[in-house]
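Undergrad: Using our numbering, the letters of the sequence shown correspond one by one to residues 4 to 203. Ideal Cβ positions, reconstructed from N, Cα and C, are used throughout, including at glycine. Shown below is the structure under consideration.
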Amino acid sequence: MKGDALLEDDEPEEPAESEPEPWEVELGREPGPATGGGEAVGEDPIAGLEAEMERRLDRKRARGTPETLDELVRELREAERTTYKESREYDTDPGDYRRGTQTLDYRLDDEARATGEPDEAAVTDTAHGEDVEAAVDDVRAAVEERFATGREEVLFSEVHDAAGSRVETYLGALFLSHRGGVDLEQDALFGDLWLRRVEE
Numbered sequence: 004m005k006g007d008a009l010l011e012d013d014e015p016e017e018p019a020e021s022e023p024e025p026w027e028v029e030l031g032r033e034p035g036p037a038t039g040g041g042e043a044v045g046e047d048p049i050a051g052l053e054a055e056m057e058r059r060l061d062r063k064r065a066r067g068t069p070e071t072l073d074e075l076v077r078e079l080r081e082a083e084r085t086t087y088k089e090s091r092e093y094d095t096d097p098g099d100y101r102r103g104t105q106t107l108d109y110r111l112d113d114e115a116r117a118t119g120e121p122d123e124a125a126v127t128d129t130a131h132g133e134d135v136e137a138a139v140d141d142v143r144a145a146v147e148e149r150f151a152t153g154r155e156e157v158l159f160s161e162v163h164d165a166a167g168s169r170v171e172t173y174l175g176a177l178f179l180s181h182r183g184g185v186d187l188e189q190d191a192l193f194g195d196l197w198l199r200r201v202e203e
């Protein structure tokens, strides 16, 4: 019947001894000049690859990584210099204007940039004073005042000026939430922000 023919195997079963796969042949070959003569018969090439990866990772850890912003900037500048791009010329003439070519030099402003690097004082002098702890305390006081009346949640717009500005109050609420003082919940993107009492 047709059904029996479909269920029968068309191909005879392979004998137990079959030809080795190409990668099995590679593993079993004798070392020759193409392999450098260093591979033993049957040596696994993956083991050598794993050893090389481990060696490179160890070297990477030994070299270290930059620990300060200054070290990171210096390493980035050095990498920028080593991957030097040649100047290129482009024909910018769209037609009859005879503008000629323009040279694009990637290293044109390196000297000016190197002399204009900000030092530590220049960076720290421009930083504005942030008193996050005071903002957290102000938000906590405003929220606790409303929780004391029996409320379980407070709308952010009710306390938006507790720490001075809306931004400082929001930062205070974020820090307070991170410390476990309140839970922040927002139903929709750009929706109302609720500060909920943390259940103990």
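Look at the alpha carbon of leucine 177 and the alpha carbon of leucine 192, and state the distance between them as a whole number of angstroms.
TA: The C-alpha of leucine 177 lies about 16 Å from the C-alpha of leucine 192.
Undergrad: Would you list, in sequence order, the uninterrupted beta strand (DSSP E) runs of no fewer than 3 residues that lie entirely inside the region 134–159?
TA: 156–158
Undergrad: Going by DSSP in three states, arginine 200 sits in which element: helix, strand or coil?
TA: strand
Undergrad: What did DSSP end up calling aspartate 186 once you bin it into helix, strand or coil?
TA: strand
Undergrad: How far does the alpha helix (DSSP H) with valine 170 in it reach, from first residue to last?
TA: 169–181
Undergrad: For leucine 198, is the classification buried or exposed, using 16 other Cβ atoms within 10 angstroms of its Cβ as the cut-off for buried?
TA: buried
Undergrad: Indicate whether glycine 183 and valine 201 have their beta-carbon atoms separated by less than 8 Å.
TA: yes
Undergrad: Beta-carbon within less than 6 Å of histidine 181's beta-carbon, same chain only, minus the 5 sequence neighbours each way: which residues are those?
TA: none
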